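Asker: Supplied in structure tokens, the structure appears directly below.
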Amino acid sequence: MLQETALEILKTGANVFLTGEPGSGKTHTINRYVSYLRARGIEPAVTASTGIAATHLGGMTIHSWSGLGIKTRLSKYELDKLAFTEYLNKRISRAKVLIIDEISMLGPEMVATVEAVCREIKDNTLPFGGLQVIFVGDFFQLPPVVRNKENNDEQEKLFNEPKSRFAFHSSVWNQANLFICYLTEQFRQDDDKFLEVLSAIRHNVFNDQHLQHLIKRQTEAHLAPKGVPKLFSHNVNVDKVNEEELAKISGEEKEFIAHSYGARPLVETLQKGCLSPERLCLKIGAVVMFTKNNLREGFVNGTLGRVESFGKGSNQPIVRTKDGKRIEVTPMDWTIEENGRLKASITQFPLRLAWAITVHKSQGMSLDEAVMDLSAVFEYGQGYVALSRVRRLTGLHLLGWNEQTFQVHPEVLLKDKAMRLDSEVIENAFISMLPEELKTMQRNFILASGGRENAEEITEKVKKNNKKGETHNETLKLWQSGKKIAEIAKERGLTEQTILSHIEKLVTKGKINRADLKSLISAPLLHALPRIQEVFAKLGTEKLAPVFARFGGEYSYNDLRLARMMSER
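To convert, take the position in the sequence shown, counting from 1, and add 10; that gives our numbering.
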């Protein structure tokens, strides 16, 4: 299916699973639909299963949006409690469209739990409470890790979901009556032979002819290009290469130990998901990769560079990225929050040694060049994910492979064939529709969602919101230039409180990263954050006045606003 056809289907308000091979334009199509909705006065809920994907879309994680935090399941009591949480009730009640990216990283249980929360808060028996729901992703990517924990009886009664790693096994998947939109264009790889190889693996028709293309890219470890990321299937190989390469560099080694807060089990959960190690060892000349997104500083997860020096006095690593940008790196936070409360956190420099990385960690990256050893691949799809990281065959340097490298999960393969057929049926049905009929469906959905039929017909209220958006963007530009709150307020002729309100709005829209706010928070306030956030949660409110009154003026409104901003609401 072409992107244009998928976009027209999305505009009708149908529930959709948007899928396709890496580079087929899934994110681009969603961004176009989001722009279409916003132009008509409808603000979609843009979420993803991972923070990285959420940042790409300018949204938040589905765990935060739905109020689940670290949970993947709820009891009836917990579900009722969530439904009466003010900020969550307001958020979900006003939502009309829910987008979940990287759906392959959510298991059936999590999908069912999110659906139950939406249905409960919307007080509507339709799937997801009547929201238009759009799943985005590719099941040939690596699935979520399944933890061997038994469900409690109440959870089984609530959802009765199968023990599976794939979201399409959830009962909700069928109940939502999803239209399959399988994108077939290709925008990432620009090498026909390589596309043919990847497609053969994906369709389970990989043969000797395809293997010959890869054999031509085979090399020995000592002949592989230097300074190019190496991909391995196991952490032990990654650690070995990184330690060996670091040891080759003469000079002083700097050690940075992560600081943690919270209950040990939660901290351990964070450590498993944190790409930066607990003990980070660096030297000048070390090849590193950034492990978080910070658009203000000019890096994203996967940005590569070398340690150029360490800051005088601060001792902070200074990294020169591949595109020549010089960045003095500051520590960032990985957090677990629940109902607006900080439960656990890790503070570490967002770096890791990057002479080598695992295939799992490379997921979502797009590389010009990579050295790969796939001789110990142990999971279906691991080889496919690794190979599809590079854009062309000339960027591939293959050290080895095993039989499983070119295999995909048989269950995903069967489902994929069925989805392709479903997509063709849906595409033909929409193509055969009269243009007037399609436009009527699209118009009816916009009006039913409280939007305006045409972008030109947006009311004065929306125009005022646009003006607000313009003033927020002015604040954003000054913030991104590195100016402080007081400086922005002075330049714009506004109060600091007004500028902070702009900052908060920009944070909720994903235009400013929460981690960047740390520079605004004093040490005493940072220490008090859990206490303040706990009061917000206990009062079940996001309003400042009740919290201000509870503390008897101990904290200023600006302090409370900052504390509220630091919560993923």
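The beta-carbon is built from N, C-alpha and C at its ideal position, and this holds for glycine as well. All values derive from a computational prediction rather than experimental measurement.
#1: Given Thr22, which residues of its chain have a CB within under 8 Å of its CB, disregarding the five upstream and five downstream residues?
#2: Among the residues of its own chain, which have a CB less than 7 Å from the CB of Gly315, if the five just before and after it don't count?
#3: DSSP three-state call for Asn349: helix, strand or coil?
#4: Assuming Glu318 and Ile356 are in contact, meaning their beta carbons sit under 8 Å apart, how far apart are those beta carbons, in whole angstroms?
#5: Around the C-beta of Ser103, are 16 or more other C-beta atoms found within 10 angstroms, so that it is buried, or is it exposed?
#6: Could you tell me which residues DSSP puts in a beta bridge with Val297?
#7: With DSSP as the reference, label Gln326 as helix, strand or coil.
#8: When the Cα atoms are used, what is the spatial distance from Phe266 to Leu292?
#9: Cutting at 8 Å between CB atoms, please list the residues of its own chain near Thr582, excluding the five before and the five after it.
#10: With burial defined as no fewer than 16 other Cβ atoms inside 10 Å of the residue's Cβ, what is the status of Glu187: buried or exposed?
#11: Measuring alpha carbon to alpha carbon, tell me which of Val238, Gly492, Gly51, Ile259 ends up nearest Ala366.
#12: Using a beta-carbon distance below 9 Å, is Leu152 in contact with chain B?
#13: What residue range does the beta strand (DSSP E) around Ile531 cover?
#14: Return the CA-CA distance between Phe416 and Val310, expressed in angstroms with no decimal places.
#15: Among residues of its own chain, excluding the 5 on either side of Trp344, which ones have a beta-carbon nearer than 6 Å to its beta-carbon?
#16: In angstroms, rounded to a whole number, what distance separates the CA positions of Arg129 and Glu53?
#17: What does the alpha-carbon distance come out to for the pair Glu230 and Ala210?
#18: With contact counted as at least three CB pairs below 8 Å, one residue from each stretch, are the region 113 to 123 and the region 391 to 405 in contact?
#19: Output yes or no for whether 9 Å exceeds the beta carbon distance between Thr5 and Phe149.
#20: Per DSSP, Cys284 is paired with what?
#21: Only counting runs of 4 or more residues, tell me where the alpha helix (DSSP H) segments fall wholly within the region 480 to 516, in order along the chain.
#22: Determine contact between the region 37 to 48 and the region 12 to 27, defined as no fewer than three beta-carbon pairs at a distance below 8 Å.
#23: Quick check: the Cα distance between Ser45 and Leu276, rounded to an integer number of angstroms?
#24: Can you tell me which residues form a DSSP beta bridge with Val26?
#25: For the alpha helix (DSSP H) holding Leu241, just list the boundary residues, first then last.
#26: If I measure Cβ to Cβ from His403 and keep anything under 7 Å in the same chain, skipping five residues before and after, which residues do I get?
#27: Comparing alpha-carbon positions, which option in His370, Leu108, Met11, Ser59 lies nearest Ser459?
#28: Helix or strand or just coil, what does DSSP make of Tyr271?
#29: May I have the straight-line CA-CA distance separating Arg101 from Ser511, to the nearest angstrom?
#30: Note down, in chain order, each residue of its chain lying with its Cβ closer than 7 Å to the Cβ of Leu256, except the 5 sequence neighbours on either side.
#31: How is Gln228 classed by DSSP in three states: helix, strand or coil?
#32: Can the beta-carbon of Leu530 be found less than 9 Å from the beta-carbon of Leu572?
#33: Counting Cβ pairs closer than 8 Å, one from the region 538 to 547 and one from the region 512 to 522, do we hit at least three?
#34: Going by other Cβ atoms of all chains shown within 10 Å of its Cβ, with 16 needed for buried, is Glu96 buried or exposed?
#35: Quick check: Glu195 and Ser34, are their CB atoms within less than 9 Å of each other?
#36: Under the three-state reduction of DSSP, which class applies to Ala366: helix, strand or coil?
Answerer: The relevant details are as follows:
#1: Indexing the sequence shown from 1 puts residue 22 at position 12. So the list reads Leu448, Met451, Gln452, Phe455, once near-sequence residues are dropped.
#2: One-based indexing of the sequence shown puts residue 315 at position 305. Here the set comprises Val298, Val329, Arg330, Thr331, Lys332.
#3: As a first step, residue 349 must be located in the sequence shown, where it is residue number 339. In this predicted model, Asn349 has a pLDDT of only 46, less than 50, meaning its place in the structure is not dependable enough to derive any value.
#4: Counting from one through the sequence shown, the residue named residue 318 turns up at place 308. Counting from one through the sequence shown, the residue named residue 356 turns up at place 346. In this structure Glu318 is not in contact with Ile356, their Cβ atoms being roughly 25 Å apart against a cut-off of 8 Å.
#5: Against the sequence shown, residue 103 aligns to sequence position 93. By the neighbour-count rule (16 or more Cβ atoms within 10 Å), Ser103 is not buried but exposed.
#6: Locating residue 297 in the sequence shown gives position 287, counting from the first residue. Per DSSP, Arg316.
#7: Taking the sequence shown and counting its residues from 1, the one referred to as residue 326 is at position 316. Residue state, collapsed to three classes: coil.
#8: For the purposes of this step, residue 266 is taken as the residue at position 256 of the sequence shown. For the purposes of this step, residue 292 is taken as the residue at position 282 of the sequence shown. If you take the alpha carbons of Phe266 and Leu292, they lie about 8 Å apart.
#9: The structure shown does not extend to residue 582, since the chain is modelled only from 11 through 579, so no value can be given for it.
#10: For this step, residue 187 is matched to residue 177 along the sequence shown. A small correction: the amino acid at residue 187 is Asn; Glu does not occupy that position in the sequence shown. Its Cβ having fewer than 16 others within 10 Å, Asn187 is exposed.
#11: Here residue 366 refers to the residue found at position 356 when the sequence shown is read from its first residue. From the listed residues Val238, Gly492, Gly51, Ile259, the smallest Cα separation to Ala366 is found for Val238.
#12: In the displayed structure, chain B is absent; only one protein chain is listed.
#13: The residue labelled residue 531 in the question sits at position 521 within the sequence shown. Where Ile531 is concerned, there is no enclosing beta strand (DSSP E), given that its DSSP letter is neither H nor E.
#14: The count along the sequence shown starts at 1 and reaches residue 416 at position 406. The count along the sequence shown starts at 1 and reaches residue 310 at position 300. About 30 Å.
#15: Within the sequence shown, residue 344 is the residue found at index 334, counting from 1. Leu280, Cys284, Ile356.
#16: If you number the sequence shown from 1, residue 129 lands on position 119. If you number the sequence shown from 1, residue 53 lands on position 43. Straight-line measurement puts the Cα of Glu53 at about 19 Å from the Cα of Arg129.
#17: Locating residue 230 in the sequence shown gives position 220, where the first residue counts as 1. Locating residue 210 in the sequence shown gives position 200, where the first residue counts as 1. Their Cα atoms are separated by approximately 25 Å.
#18: Judged by Cβ distances under 8 Å, the region 113 to 123 makes no contact with the region 391 to 405, as fewer than three pairs qualify.
#19: As shown, the chain starts at 11 and ends at 579. That puts residue 5 outside it, with no answer to give.
#20: Position 274 of the sequence shown, counted from the start, is the residue given in the question as residue 284. In the DSSP output, where bridge partners are listed per residue, Cys284 has none listed.
#21: 495 to 502
#22: Contact between the region 37 to 48 and the region 12 to 27 is present, because at least three Cβ pairs lie under 8 Å.
#23: In the sequence shown, counting from the first residue as 1, residue 45 sits at position 35. In the sequence shown, counting from the first residue as 1, residue 276 sits at position 266. Straight across, the Cα-Cα distance linking Ser45 with Leu276 is about 37 Å.
#24: Taking the sequence shown and counting its residues from 1, one reaches residue 26 at position 16. Val26 is bridged to Ile144, Phe189.
#25: One-based indexing of the sequence shown puts residue 241 at position 231. Careful: Leu241 lies outside any alpha helix (DSSP H), inside the beta strand (DSSP E) at 240 to 242.
#26: On the sequence shown, position 393 is the one that residue 403 refers to. The sequence given here places Leu at residue 403; His does not occur at that position. Asp201, Lys203, Phe204, His223, Arg227, listed in sequence order.
#27: As a position in the sequence shown, residue 459 is number 449, starting the count at 1. Nearest C-alpha to Ser459: Leu108.
#28: Taking the first residue of the sequence shown as position 1, residue 271 is located at position 261. The answer is strand: DSSP assigns Tyr271 an E or B state.
#29: Residue 101 sits at position 91 when you count from the first residue of the sequence shown. Residue 511 sits at position 501 when you count from the first residue of the sequence shown. Spanning the two alpha carbons is a distance of roughly 18 Å.
#30: What you label residue 256 is simply residue 246 of the sequence shown in a count that begins at 1. The residues are Cys291, Lys293, Ala296, Leu363.
#31: Mapped onto the sequence shown, residue 228 falls at position 218. Strand at Gln228.
#32: Numbered from its first residue, the sequence shown carries residue 530 at position 520. Numbered from its first residue, the sequence shown carries residue 572 at position 562. Yes; because the gap between Cβ atoms is below 9 Å, this pair is in contact.
#33: no
#34: In the sequence shown, the residue the question calls residue 96 occupies position 86. It is exposed - the Cβ of Glu96 has fewer than 16 other Cβ atoms within 10 Å.
#35: Here the question's residue 195 lines up with position 185 in the sequence shown. Here the question's residue 34 lines up with position 24 in the sequence shown. Against a cut-off of 9 Å, the Cβ pair of Ser34 and Glu195 comes out as a contact.
#36: Sequence index remark: in the sequence shown, residue 366 carries index 356 (1-based). It is a strand residue.
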